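In my numbering, the protein residues as written are 1229 to 1386.
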């Protein structure tokens, strides 16, 4: 896992507008569902990845464009990058489920405490799910290859 602010320059202005509009539309939809059916039902829609659809297609498009600039097709790599993004969204959704569950249990005692505890639960579950997925992927590959690669790639030795 790493943060790469330089990737923000890869996007075009209209791609960010699409993300903003789709995210806003998902938020409005969630608000309408809450108004019509109550907060309990509307809360279920808060886990909806508001910009996932837009980001998945944009990730695929960026990878294809990058590979074509290098003289390659890039279709397969673009699909693979979008699939990895989808897997990350699913792992994040598990974290959101933990957040919602713990928050609902603790909110009667303290809203701030419930938010802090639920945020830590989200982080712990999401990171644990990511490591579990990575370990499962490595164990499915050849045993010799899985043991030879470190779980976390480091840029400098410790």
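Glycine included, C-beta positions come from ideal geometry on N, C-alpha and C. In this text, all values refer to a predicted model and were calculated from it rather than measured experimentally.
Quick one: complete alpha helix (DSSP H) runs, 4+ long, within the segment 1250-1291?
1267-1272
Among residues of its own chain, excluding the 5 on either side of residue 1262, which ones have a beta-carbon nearer than 6 Å to its beta-carbon?
1270
To the nearest angstrom, how far is the alpha carbon of residue 1452 from that of residue 1272?
A question about residue 1452 goes unanswered here, because the residues of the chain that appear run from 1229 up to 1386.
Cβ shell of residue 1206 (< 6 Å), same chain only, five flanking positions each side left out
Only positions 1229 to 1386 of the chain appear in the structure, and residue 1206 is not among them; the question remains open.
Spatially closest choice to residue 1240 from 1256, 1293, 1264 and 1259, by CA coordinates
1293
Give every residue of the same chain whose Cβ lies closer than 7 Å to the Cβ of residue 1305, excluding the five residues on either side of it in the sequence, and list them in chain order.
1291 and 1295
Once the 5 residues before and after residue 1341 are set aside, which same chain residues still bring their CB inside 8 Å of it?
1334
8 Å contact criterion, which residue 1330 and residue 1346 should meet: CB distance rounded
5 Å
Going by beta-carbon coordinates alone, are residue 1353 and residue 1312 separated by less than 8 Å?
no
For residue 1240, which three-state DSSP category applies?
DSSP places residue 1240 in coil when its eight states are reduced to three.
From the DSSP output, in three-state form, read off residue 1313 for me.
Three-state DSSP puts residue 1313 in a helix.
Give the secondary structure of residue 1335 by DSSP, where H, G and I count as helix, E and B as strand, and everything else as coil.
coil
Check whether the Cβ atoms of residue 1361 and residue 1326 sit closer than 8 Å, and answer yes or no.
no
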